[in-house]
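A.B. asks: To convert, note that position 28 of the sequence shown is 131 in the working numbering; the numbers rise steadily by one, no gaps. Glycine included, C-beta positions come from ideal geometry on N, C-alpha and C. Predicted model only: the values in this text are computed from it and were never measured. One structure follows; several queries about it will come next.
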Amino acid sequence: MKITNIQNTQIAVGDPPLLNAAGLHAPYALRIIVEVITDAGIIGLSEIPGSEKIYNSLEKLKTHLIGQDVFELNAIKKLIQEKFGKHEDQRGVAPWDQRLLVHLFSAMEVACLDCIGKKLNRPVVDLLGGRSRDKVPFAAYLFYKYEGAGGELGFGMEKNTSGWLKARQEEAVTPEQIVSQAKAMCEAFGFQSIKLKGGAFPPDLECDSMLALYEAFGHEVPLRLDPNAIWSLETGIKYGKKMEGILEYYEDPVRGQENMALLSKEVDIPLATNMCTTSFNDIPSSIQLGSEHIILSDHHFWGGLRASMELNKICQTFGRGFSMHSNSHLGISMAAMVHLGAAVPHLDYALDTHYPWQVDEVIKGGKIKIEDGLAKIPDGPGLGVELDREQLQKLHENFLACGLKERNDEIEMKKVIPDWQFELQRW
Ligand code: GKR
Ligand code: MG
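This is how it looks when you write it as structure tokens:
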């Protein structure tokens with residue numbers, strides 16, 4: 104089944120003003136929807152984080168990939184490596200990954216697997232070795248937020264709503280507000296685990312929020328805090344000690360494998376990462392140092408679904424837990440995450456997802472449901488989702504109108520606090 108064309112569409116998806124160590128979410132999160140068109144009349148889909156750099160590279164890649172067989176994933180990967188392997192490929196210091204190659208691998212691999220699944224009339228999970236579970240657990244992902252430059256709270260929603268819709272429109276700064284955000288989100292989606300995005304406010308406040316969540320939810324709902332590596336080792340140890348016994352895991356409290364390994368010797372909480380061990384090249388030093396207990400994969404950043412399956416095996420071999428990281432995303436990424444989450448044999452932790460924060464959707468039939476904290480593998484061959492072309496057009500127009508070219512949370516934050524600057528270590 105040969106590729107005859109590739110259609111890359113840049114879209115801008117409404118996003119509330121969520122805070123993190125790098126600043127503030129802009130009113131729109133950028134994504135790219137990739138359609139791989141084949142001579143069998145089958146179209147495969149994928150979704151990846153958007154930026155001008157990634158979009159331009161995808162466009163350049165087109166001519167090289169036309170004529171390739173979607174079953175020849177190794178050849179496609181080699182070709183991408185040859186064409187873009189010399190590109191300076193750094194993860195960067197932001198909470199999210201900025202490497203080009205992994206995004207390209209992931210974009211093409213997921214869309215090709217979607218084509219293959221549609222051709223064979225099998226879901227993508229079957230192409231990954233079949234299901235290890237039918238439903239995939241996700242965690243509530245809480246954020247601090249306030250009305251600011253990142254657009255209206257509850258962007259794109261009707262006012263005067265209740266429940267989770269209302270919580271999305273409210274400020275969340277104090278521990279009490281974080282607890283009510285958690286309650287609304289858990290009630291709406293039945294999440295059984297809770298993660299708070301930290302690194303936004305002084306550690307005292309964030310630690311108090313975790314204590315308040317523990318008080319409200321007790322031990323049955325595992326809790327996680329993720330300051331995105333903005334705390335010093337001393338701070339990470341000090342607050343880690345206060346949260347011993349209440350956290351399921353402590354995600355990237357400090358920057359780099361060495362600091363994570365040092366912290367791990369002092370604090371009795373499992374450590375998780377999507378910042379210090381982020382590629383296969385990082386695995387040997389991770390194992391040598393013992394920098395984390397749990398690796399958070401992300402098929403957009405590890406180079407696809409099959410690469411994430413390989414990582415899963417490595418985690419199992421070396422006694423590491425495995426779960427998944429997320430960024431603001433829509434239903435095509437969600438479907439891919441669910442297929443992967445259903446396939447991985449080794450999974451002890453609910454996956455992250457920003458999905459409840461996004462109101463927009465690009466697949467037919469509305470958003471993939473999360474019930475009792477679980478998402479079912481979408482029905483149908485391939486990823487099991489279909490593109491809603493009207494929505495795609497609308498979100499593309501958002502992109503053209505909004506003027507954003509890449510994610511930059513610092514710029515958004517400066518609109519609220521002009522002298523605010525990203526710092527590698529703030530507290
Ligand atoms: O969306 O603000 C955010 C998060 O901070 C995201 O960018 C991170 O990549 O969710 C992520 C994480 O777990 O570090
Ligand atoms: Mg993280």
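#1: Check whether the segment 219–239 touches the segment 441–451, counting contact only when three or more Cβ pairs, one atom from each stretch, lie closer than 8 Å.
#2: Taking the alpha carbon of proline 119 as the point to measure from, which residue in Gly301, Arg271, Asp475 and Ile340 has its own alpha carbon closest?
#3: Just to check, is the beta-carbon of aspartate 142 closer than 6 Å to a non-hydrogen atom of the ligand MG?
#4: Just reading off the beta strand (DSSP E) that glutamate 150 is part of, what are its end residues?
#5: Name the two residues that bound the continuous alpha helix (DSSP H) containing leucine 161.
#6: So leucine 326 and isoleucine 349 are in contact, right, with Cβ under 8 Å, and what is the actual spacing, rounded?
#7: Determine the closest residue to phenylalanine 208 out of Leu176, Ile135, Pro521 and Ile106, with distance taken between C-alpha atoms.
#8: Is the distance from the Cβ of alanine 285 to the Cβ of isoleucine 297 below 7 Å?
#9: Would you mind stating whether asparagine 111 and valine 139 have Cβ atoms separated by less than 7 Å?
#10: Are the CB atoms of leucine 245 and isoleucine 219 nearer to each other than 7 Å?
#11: Count the other CB atoms, across all protein chains shown, that sit within 10 Å of the CB of valine 324; report buried if there are 16 or more and exposed otherwise.
#12: On the three-pair Cβ rule with 8 Å, is the segment 472–482 touching the segment 412–424?
#13: Residues around the ligand MG, please: the ones whose beta-carbon is closer than 7 Å to some heavy atom of it, in chain order.
#14: In three-state DSSP terms, what is lysine 262?
#15: Does the beta-carbon of arginine 492 have 16 or more other beta-carbons within 10 angstroms, so that it is buried, or is it exposed?
#16: Quick check: does the Cβ of asparagine 108 come within less than 6 Å of any heavy atom belonging to the ligand GKR?
#17: My parser needs the alpha helix (DSSP H) runs of 4 or more residues fully inside the segment 154–239; what are they?
C.D. replies: In short:
#1: Taking a cut-off of 8 Å for Cβ pairs, the segment 219–239 and the segment 441–451 touch, as three or more such pairs fall below it.
#2: That would be Arg271, whose Cα lies nearest to the Cα of proline 119.
#3: Shortest gap from the CB of aspartate 142 to any heavy atom of the ligand MG: 6 Å or more.
#4: DSSP places glutamate 150 in the uninterrupted beta strand (DSSP E) bounded by 146–152.
#5: Its alpha helix (DSSP H) spans residues 155–168.
#6: Going by Cβ atoms, the distance from leucine 326 to isoleucine 349 rounds to 6 Å, so yes, they are a contact pair.
#7: Comparing alpha-carbon positions, the option among Leu176, Ile135, Pro521 and Ile106 lying closest to phenylalanine 208 turns out to be Leu176.
#8: It is a contact, given that the beta carbons lie within the stated cut-off.
#9: No Cβ-Cβ contact shorter than 7 Å links asparagine 111 with valine 139.
#10: Taking 7 Å as the cut-off, the Cβ atoms of leucine 245 and isoleucine 219 do not count as close.
#11: Answer is buried; the Cβ neighbour count reaches 16.
#12: The segment 412–424 and the segment 472–482 do not touch, with fewer than three beta-carbon pairs separated by less than 8 Å.
#13: The set of residues with any CB-heavy atom separation to the ligand MG below 7 Å comprises, in chain order, Pro198, Asp329, Asn331, Glu354, Asp355, Asn377, Met378, Leu399 and His428.
#14: It is coil, neither helix nor strand.
#15: Counting the other CB atoms within 10 Å of its CB gives arginine 492 a total below 16, which places it among the exposed residues.
#16: For asparagine 108, the CB stays at least 6 Å from every heavy atom of the ligand GKR.
#17: List check, alpha helix (DSSP H) in window: 155–168, 176–187, 203–223 and 227–230.
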